[in-house]
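All remarks here apply to the structure that follows.
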Amino acid sequence: MPTPATSPASSAAPAASSGPAEPHAPGDSDLVRAARRQPVSRTPVWFMRQAGRSLPEYRAVREGIPMLESCMRPDLITEITLQPVRRHDVDAAIFFSDIVVPLKAIGVDLDIVPGVGPVVARPVRAAKDLDQLIDLTPEHVPYITEAVRQLVTELGPTPLIGFAGAPFTLASYLVEGGPSKNHEHTKALMHGDPQLWDALCARLAQISGAFLRVQAEAGASAVQLFDSWVGALSRADYTRHVQRHSATALAAVKDLDVPRIHFGVGTGELLRLMGEAGADVVGVDYRVSLTDAVERLGPDYAVQGNLDPALLFAPWDALERRVREIVEEGKQAPGHIFNLGHGVLPSVDPDVLTRVTALVHEVSAR
């Protein structure tokens, strides 16, 4: 089993009395405190994909502007990131971007095709294809630094979460050439040419880690590493082929003292391993109860999640009951951040998200 770049013992939560000297700063917010497994005034709430297609104000500001362009304009990034904070009163902003933005920034020929997703012109299938993956530096993404600084000023005490895609998920897009249900080319490369696979993931770990670091150095109060597709792997494949590369990406911000959240879809069998890769908080999707997740993870990790996004379409009585159950389950964890078990669906009524946020705050108030 590969040795992760960090471990729970090396990133133990500071004592509750060791909070920052400046009161009401983002670093002393409920979200950051929950991530550090410290006492909170109420369970913090944010929603994956809270900034996006579910909001009419987002659709208005994005009209006629391609996705990648909107991710490279600090004015748009700032406005879109702030929209759900204004509307829902959530406890954190998630930086508006896309996991392929750093790849585009270093010159990879790709586009985000509406209704499809990221499409790569030159898929990685041989060693020669790696030459398009150079190291990411802050000079490649000045618009990210500018946008984060603008947001930190606008958000005041509300923390900003920076994010990046994890090496496996980025590798899957690059190897498949776009989204894939079965990841057949990815798994074939992983097993058929493990040396090339490791070389690919090592480059992607640098890119992901550097992207996280740019955001953290510019002022983000926490970061999240998304491994959207890693649930397609067995524990053995994750341990052998993926974990050390995710650990490298997360280790890139270890010295900056920002909590690190690690999330994947369908990762119930991988939760502990994902924590051991260097996370302070492990995101739990809706397929696993928080009770089971806490049992699998133990006391060294906070948890995030895990309302099924589809339940946002249910009658309020049913939705309220499930929200209350999740808040109660979260009390078993050393720290809990309320979230969805995946992203906000485009057709959801945004007023429901506002109502869920208020409910969590009400029933979790200490």
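Counting in UniProt numbering, the sequence shown runs from 1 upward without gaps.
Beta carbons: idealized from backbone N, C-alpha and C, even for Gly.
Check, Outcome
"Host beta strand (DSSP E) of His361 (start-end)", "From DSSP, His361 is part of no beta strand (DSSP E) but of the alpha helix (DSSP H) over 350 to 364."
"Val61 versus Leu82 - alpha carbon distance", "12 Å"
"Endpoints, the beta strand (DSSP E) within which Val303 is located", "302 to 307"
"Alpha-carbon spacing of Val323 relative to Gly115, whole angstroms", "31 Å"
"Helix, strand or coil at His24 according to DSSP, with G and I counted as helix", "coil"
"Close-in-space but distant-in-sequence residues of the same chain around Asp351 (CB under 8 Å, 5 per side omitted)", "none"
"7 Å Cβ shell around Gln224 - same chain, five flanking residues per side excluded", "Ile161, Phe163, Ile261, Phe263"
"Residue closest to Phe96, alpha-carbon to alpha-carbon, out of Ile106, Ala333, Thr145", "Thr145"
"Short Cβ contact (9 Å threshold) for Leu155 with Val85", "yes"
"Beta-carbon contacts of Pro8 that lie in its chain and below 6 Å, excluding the five residues immediately before and after", "Interpretation of Pro8 is limited by its pLDDT of 34, a score under 50 that renders its predicted location unreliable; the figure taken from the coordinates is listed afterwards. So the qualifying residues of the chain are Asp300."
"Endpoints, alpha helix (DSSP H) assigned at Gln224", "Careful: Gln224 lies outside any alpha helix (DSSP H), inside the beta strand (DSSP E) at 222 to 227."
"Leu340 - partner residues in DSSP beta bridges", "Leu307"
"Exposed unless 16 or more other CB atoms sit within 10 angstroms - verdict on Val360", "buried"
"Contact set for Val242: own chain, Cβ-Cβ below 6 Å, skip 5 residues either direction", "Phe168"
"9 Å Cβ cutoff met for Gly283 and Val303", "yes"
"Any non-hydrogen atom of the ligand FAD closer than 8 Å to Thr169 Cβ", "Ligands displayed in this structure: none; no statement on the ligand FAD is therefore possible."
"Span separating the alpha-carbon of Tyr286 from that of Gly305", "8 Å"
"Meets three-Cβ-pair contact criterion under 8 Å: the stretch 334 to 351 and the stretch 71 to 81", "no"
"Nonlocal neighbours in the same chain, by C-beta distance under 6 Å from Ala365, ignoring five residues either side", "Arg42"
"Of the residues Val175, Glu63, Val90, the one placed nearest Thr354, counting alpha carbons only", "Val90"
"Cα-Cα separation, Gln50 to Leu196", "36 Å"
"For Gly275, the residue or residues it bridges with in DSSP", "Per DSSP, none; premise fails for Gly275."
"Rounded distance between the beta-carbons of Ala249 and Ala222, thought under 8 Å", "Rounded, the Cβ-Cβ distance is 15 Å, inconsistent with contact."
"Check whether Ser208 and Val265 have beta carbons under 9 Å apart", "no"
"For His183, three-class secondary structure by DSSP", "coil"
"C-alpha distance - Ser234 paired with Glu269, whole-angstrom precision", "8 Å"
"Residue closest to Gln150, alpha-carbon to alpha-carbon, out of Leu110, Pro102, Ala218, Asp98", "Ala218"
"Simplified DSSP state of Asp257, which is helix, strand or coil", "coil"
"Best match in Tyr58, Pro179, Ala127, Leu312 for proximity to Gly117 [C-alpha to C-alpha]", "Pro179"
"Pro138 to Ser29 span [Cα, whole Å]", "27 Å"
"Test item: CB-CB of Val294 and Ala333 under 9 Å", "yes"
"Of the residues Val356, Ala358, Val348, the one placed nearest Leu55, counting alpha carbons only", "Val348"
"Backbone secondary structure at Ala199 - three-state DSSP", "helix"
"Val141 - DSSP class collapsed to helix/strand/coil", "coil"
"Among Met67, Ala147, Gly27, the one whose alpha carbon lies nearest that of Ala92", "Gly27"
"Runs of alpha helix (DSSP H) wholly within the stretch 98 to 137 (minimum 4 residues, chain order)", "101 to 105"
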